[in-house]
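Count along the sequence shown from 1, add 9, and you get the number used in the working numbering.
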Amino acid sequence: MSQHPQAGPARLVVLAGPTAVGKGAVSTYIRENHPEIWLSVSATTRRPRPGEIDGYHYHFLNDAEFDAMLREDAFLEHAVVHGRARYGTPRSPVQEQLAQGTPVLLEIDLEGARQVRETMPEALFVFLAPPSWDELLRRLVGRGTESAEERERRLATAEVEMACQDEFDVVVVNDEVRRAARQLVSLMKTLP
Ligand code: 5GP
């Protein structure tokens, strides 16, 4: 894995990785413990889970609202995840935070990460990996919020995603959420 050759002032970090690896837990830890880092709030057409707050965890949109944002070219990237709901990163808040010099973290899927690489290649691309495939399976089943059919779909996505880690600048192993989050934060702080 090579050192990131970032030269510009933008401190944008894209965190991706297989489903259920714990990207959400790592980004939640950063949101709660590192107010100096701004975590992008994605838009999604999926329904809120219990406890999720509109505008904080996601901007929960219906299809028409998501389409309107697409027409306005308001997304930095967008993708259909797990073959179901649509997700997208609203562009202007990211640009505003970067312009203010605030480090920005995007927690998105692989397809979205590829799109950001096209438009913002100066970003740092971080792959969050499980300690092992067996551990990933355990986490996938252990979450228990999805149906069996949904789990199968996510597992298929995870297999494809695991094969993509070489596309990333850095691999962080999520053996323990706090340790992985701290490693990610220290990576963000080494950027200009
Ligand atoms: P969940 O529905 O479990 O919150 O998230 C499902 C997946 O969607 C996760 O892998 C997450 O990284 C991805 N995701 C969340 N927000 C975005 C986004 O704005 N763009 C893309 N491409 N993927 C996202």
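For every residue, glycine included, the Cβ atom is placed at its ideal position computed from N, Cα and C.
query: Which whole-angstrom value is the C-beta distance of glutamate 155 and arginine 163, which I expect to be below 8 Å?
result: By 1-based counting over the sequence shown, the position of residue 155 is 146. By 1-based counting over the sequence shown, the position of residue 163 is 154. 7 Å between Cβ atoms; contact.
message: Please give me, in chain order, every unbroken run of the alpha helix (DSSP H) with length at least 4 that falls completely inside the segment 91-142.
response: 100-108 and 119-128
Exposure of arginine 95, with buried meaning 16 or more beta-carbon neighbours within 10 Å: Position 86 of the sequence shown, counting from 1, holds the residue named residue 95. Looking at its Cβ environment, which holds 16 or more other Cβ atoms inside 10 Å, arginine 95 is buried.
- request: Look up valine 30 in the DSSP assignment and say whether it is helix, strand or coil.
  value: The sequence position of residue 30 within the sequence shown is 21, counting from 1. Coil, per DSSP.
query: Thinking C-alpha only, which one of His91, Arg56 and Ala172 is nearest glutamate 158?
result: Locating residue 158 in the sequence shown gives position 149, counting from the first residue. With distances taken between Cα atoms, glutamate 158 lies closest to His91.
query: Is histidine 87 near the ligand 5GP, judged by its Cβ being under 7 Å from some heavy atom?
result: Numbered from 1 along the sequence shown, position 78 holds the residue referred to as residue 87. For the ligand 5GP, at least one heavy atom lies less than 7 Å from the Cβ of histidine 87.
Phenylalanine 177, DSSP secondary structure in three states: To locate residue 177, count along the sequence shown from 1; it is residue 168. Looking at phenylalanine 177 - three-state DSSP - the assignment turns out to be coil, as it is neither helix nor strand.
message: Alpha carbons only, please: which of Tyr67, Leu119, Asn42 and Met78 is nearest the one belonging to valine 23?
response: In the sequence shown, the residue the question calls residue 23 occupies position 14. Ranking Tyr67, Leu119, Asn42 and Met78 by Cα distance to valine 23 puts Leu119 first.
task: Have a look at Thr28, Val186 and Asp175 and flag the residue whose alpha-carbon is nearest the alpha-carbon of glutamate 161.
output: Translated into positions along the sequence shown, residue 161 becomes position 152. Closest option to glutamate 161, Cα to Cα, is Thr28.
task: State the Cα-Cα distance for the pair leucine 114 and glycine 33, rounded to the nearest angstrom.
output: Within the sequence shown, residue 114 is the residue found at index 105, counting from 1. Within the sequence shown, residue 33 is the residue found at index 24, counting from 1. Straight-line Cα distance between these residues: approximately 12 Å.
- prompt: Hey, is arginine 56 close to the ligand 5GP, as in C-beta under 7 Å from one of its heavy atoms?
  reply: Locating residue 56 in the sequence shown gives position 47, where the first residue counts as 1. Every heavy atom of the ligand 5GP is 7 Å or more from the Cβ of arginine 56, so no.
- prompt: Can you give the Cα-Cα distance for serine 195 and alanine 73, rounded to whole angstroms?
  reply: Here residue 195 refers to the residue found at position 186 of the sequence shown. Here residue 73 refers to the residue found at position 64 of the sequence shown. Distance between the alpha carbons of serine 195 and alanine 73 is about 40 Å.
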